[in-house]
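The opening residue of the sequence shown carries number 186 in the numbering used here; numbering runs sequentially from there.
Glycine is no exception: its CB is placed at the ideal position from the N, C-alpha and C atoms.
Since we're looking at a predicted model, the values are computed, not measured.
Just below is one structure, and these are the notes that go with it.
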Amino acid sequence: MISLGLFLPQTPSLRIPICKMAVSSSSASAAPPRQSTSFGFKNLTQTLIVDVQRAENRPLNVPLIAPFTIASSRLDKVENVAIRIELNNGCVGWGEAPILPHVTAEDQETAMVKAGEACEVLKKSPAMALGLVFEKIAAFLPGHQFASVRAGVEMALIDAVANSISMPLWRLFGGATNNITTDITIPIVSPDEAAKLASKYCKQGFTTLKLKVGKNLKADIEVLQAIRAVHPDCSFILDANEGYKPNEAIEVLEKLYEMGVSPVLFEQPVHRDDWEGLGHVSHIAKDKYGVSVAADESCRGLDDVKKIIKGNLANAINIKLAKVGVLGALEIIEVARASGLDLMIGGMVETRLAMGFAGHLAAGLGYFKFIDLDTPLLLAEDPVLEGYEVSGAVYKFANARGHGGFLHWDNLAW
């Protein structure tokens with residue numbers, strides 16, 4: 186009997202298209218796209234059997250157009266980890282574990298080691314239900330400590346599965362829509378540089394600018410004034426990355442109010458562990474200025490989300506796959522929606538592999554009020570082939586299977 190990489194229990198009325206047995210190591214898929222019955226993701230975890238033939242990881246290093254500076258850290262180049270998983274039927278899935286100092290617990294060296302170990306676990310595992318594979322990976326890469334690597338492995342597994350059933354990820358995750366509109370980030374730079382970036386992004390069609398603030402209160406106000414002068418109609422998201430004290434965060438809102446500017450969102454204004462300060466700023470921001478506050482660094486898992494809900498500490502949460510993994514994100518989304526929290530989806534500094542996956546998830550679910558998936562636009566190179574289509578701020582997912590992007594594996598430095 187030929188062992189397939191992914192199959193359902195024998196059912197005469199149901200056939201799942203599979204990839205060819207032979208597949209190039211640099212190709213994302215091996216069979217022509219075909220129509221397929223629409224399966225829900227939860228159903229797949231319970232009914233599909235996965236047999237991993239190969240699993241590998243390599244460094245994914247990409248230069249940035251310019252240094253990416255936020256209140257808590259500075260990034261001069263992307264040093265992530267790429268993950269490639271091939272099922273026994275030849276279908277390939279791609280994942281990315283992003284590394285951002287101070288936010289992700291892993292550095293690249295640690296992530297490479299843990300990703301390699303996880304790949305060995307997958308290769309040695311017998312064929313089993315997809316849900317059981319996820320459980321095994323979660324046990325090996327638990328909690329926030331290894332969330333970024335866990336996310337990369339889960340991405341690759343899900344992508345391989347979606348390729349096996351000839352289904353794009355946005356449809357697998359619910360099929361709400363096949364496109365999203367993202368904001369664009371302006372890091373901490375001088376007022377002149379911020380104005381140049383804002384002018385460029387205005388011409389490219391971006392209507393929402395996400396401004397990194399929190400390092401110097403006076404300089405932040407000057408940057409906001411400079412941007413407002415060249416892009417007066419844009420919407421603002423402020424992201425302090427834990428940089429302010431509560432009184433400073435409120436002062437920023439007061440200054441903006443005097444300028445006639447009302448941000449659509451104020452993200453992580455205070456330190457991640459300053460729960461009292463987060464709640465205080467949230468209440469003042471909403472009640473006095475009508476501004477919603479989002480928890481990002483304070484939201485590192487389901488327990489944090491429950492704490493935010495119970496204490497009414499924020500109006501929204503920023504879900505990043507690298508903080509909680511794919512499965513963790515889906516669980517958090519369900520709890521947050523039931524509570525009435527607004528949802529934002531964001532990322533670390535990632536290529537179109539991770540951004541494409543997150544974009545498919547956001548489009549398919551259709552629950553996100555704020556979309557912040559712009560970091561591939563900040564890279565000096567794009568190592569990802571195919572994948573989603575970009576038109577200014579709009580990403581369209583026109584691919585027939587998986588997330589559609591892949592790497593020339595043999596060309597990666599190793």
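N- and C-terminal bounds of the alpha helix (DSSP H) containing residue i
i      : result
PHE421 : Per DSSP, PHE421 belongs to no alpha helix (DSSP H); it is in the beta strand (DSSP E), 420-424.
LYS381 : 376-389
TYR442 : 431-444
LEU402 : 402-415
GLU516 : 506-524
ILE469 : 460-474
LEU538 : 537-550
GLY496 : 487-496
Residue range of the beta strand (DSSP E) that includes residue i
i      : result
LEU245 : 237-254
GLY278 : 277-282
MET529 : 527-531
PHE451 : 450-452
Own chain residues within Cβ distance below 8 Å of residue i, not counting five before or after
i      : result
LEU592 : SER211, LEU245, ALA267, ARG269, TRP279, LEU538, PRO568, VAL569 and LEU570
GLU291 : ALA282, ILE284, LYS299, GLN330, PHE331, SER333 and VAL334
GLU294 : none
VAL446 : LEU409, ARG413 and PHE421
ARG522 : LEU528 and TYR552
Residues sharing a beta bridge with residue i, DSSP
i      : result
LEU272 : VAL237
THR289 : In the DSSP output, where bridge partners are listed per residue, THR289 has none listed.
ALA314 : ILE234
SER351 : The partner list for SER351 (beta bridge, DSSP) is empty, contrary to what the question assumes.
SER257 : BP columns for SER257 are empty, so no partner.
THR393 : SER420
PHE591 : LEU570
VAL579 : THR366 and SER576
Through-space distance from residue j to residue i, alpha-carbon basis
i      : j      : result
GLY590 : MET313 : 26 Å
PHE224 : SER384 : With a pLDDT of 49 at PHE224, under the threshold of 50, the predicted position of this residue should be treated as unreliable, though the coordinate-derived value follows. Their Cα atoms are separated by approximately 44 Å.
GLU482 : GLU461 : 15 Å
ALA213 : CYS276 : In this predicted model, ALA213 has a pLDDT of only 40, less than 50, meaning its place in the structure is not dependable enough to derive any value.
LEU354 : LEU229 : 13 Å
LYS430 : GLY464 : 12 Å
GLU407 : PRO376 : 6 Å
ALA300 : LEU423 : 34 Å
GLY572 : THR536 : 11 Å
LYS473 : VAL263 : 39 Å
VAL247 : ASN401 : 29 Å
GLY360 : LEU528 : 18 Å
THR370 : LEU249 : 13 Å
GLY328 : LYS492 : 17 Å
GLU320 : VAL511 : 12 Å
GLU443 : ALA411 : 15 Å
ASP344 : LYS440 : 46 Å
TYR580 : ARG356 : 15 Å
ILE365 : LYS495 : 31 Å
GLY513 : ASP488 : 11 Å
HIS456 : THR254 : 17 Å
ARG485 : VAL520 : 14 Å
Contacting residues, own chain, Cβ-Cβ under 7 Å from residue i (five flanking each side not counted)
i      : result
ALA166 : The chain is shown only over 186 to 599; residue 166 falls outside these bounds and no answer can be derived.
MET540 : GLY532, LEU558, THR560 and PRO561
LYS505 : GLY531, GLY532 and MET533
SER467 : VAL478, LEU498, ALA499 and ASN500
GLY390 : GLY577 and ALA578
ALA336 : ALA282, LEU506, ALA507, GLY510 and VAL511
PHE566 : Inspection of the sequence shows that residue 566 is occupied by Glu rather than by Phe. Result list for GLU566: VAL247 and PRO248, in chain order.
ILE435 : VAL466 and ILE469
Same chain, Cβ closer than 6 Å to residue i, five either side skipped, listed in chain order
i      : result
ASP405 : VAL398
SER477 : LEU450, ASN500 and ALA501
PRO341 : Contrary to the premise, residue 341 reads as Ala rather than Pro in this sequence. Around ALA341: ILE268, ILE270, GLY278, TRP279 and GLY280.
PRO197 : Reliability fails at PRO197, whose pLDDT of 31 lies under 50, so the model's placement of it is uncertain and the value that follows must be treated cautiously. Closer than 6 Å at Cβ, skipping near neighbours: no residue.
THR393 : ASP368 and SER420
VAL415 : ALA380, ALA383 and SER384
Collapsed DSSP secondary structure at residue i in the structure displayed
i      : result
VAL569 : coil
GLU574 : strand
ILE369 : strand
VAL478 : strand
GLU264 : strand
ASN503 : strand
ASN584 : coil
PHE226 : helix
PHE555 : strand
ASN363 : coil
LEU564 : strand
PHE325 : helix
VAL603 : Residue 603 cannot be examined here, being either before or after the span of the chain that is shown, 186 to 599.
VAL338 : helix
VAL346 : helix
CYS484 : coil
VAL306 : helix
GLU320 : helix
SER333 : helix
LEU357 : helix
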